[in-house]
Amino acid sequence: MLYTYVSEDEDREPVGPNNPLELFSRAAVEVGLIRAGDPLDRNLVEYAKLVVHMCAAIGDNYLQPESPEETVGDRIRADLHVL
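Using this note's numbering, read the sequence shown as starting at 2 and increasing by one per residue.
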């Protein structure tokens, strides 16, 4: 499942992928869009970015407890930023 790609112990390791493209690739492999080791098509990357922005928009309704000037959506966008 996709949630297994990120750490769930924020005390030991903050949640969030080190490389969003790797996270997107592993997700695409999981659902059968590509095979392991295949590069991501630019359209898949653009699609993943749109999904990130949709999820982040939901997170914009919630503030980060440790950083009240930042929303959860801001954190999602930062963690999953892809150029």
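Even glycine gets a Cβ: it sits at the ideal position worked out from N, Cα and C. Note that the coordinates shown come from a computational prediction; the quantities given were computed from them, not determined experimentally.
Per DSSP, the unbroken alpha helix (DSSP H) holding residue 21 starts and ends at 21-31. With a beta-carbon spacing of about 6 Å, residue 41 and residue 22 fall inside the 8 Å limit used to define contacts. In this structure, the beta-carbon distance from residue 77 to residue 53 falls below 8 Å. Taking the Cα of residue 73 as reference, the smallest distance to any Cα among 19, 47, 57 and 32 is reached at 57. Short of 8 Å from the beta carbon of residue 25, and not among the five residues preceding or following it, lie these beta carbons of its own chain, in chain order: 41, 45, 46, 49 and 83.
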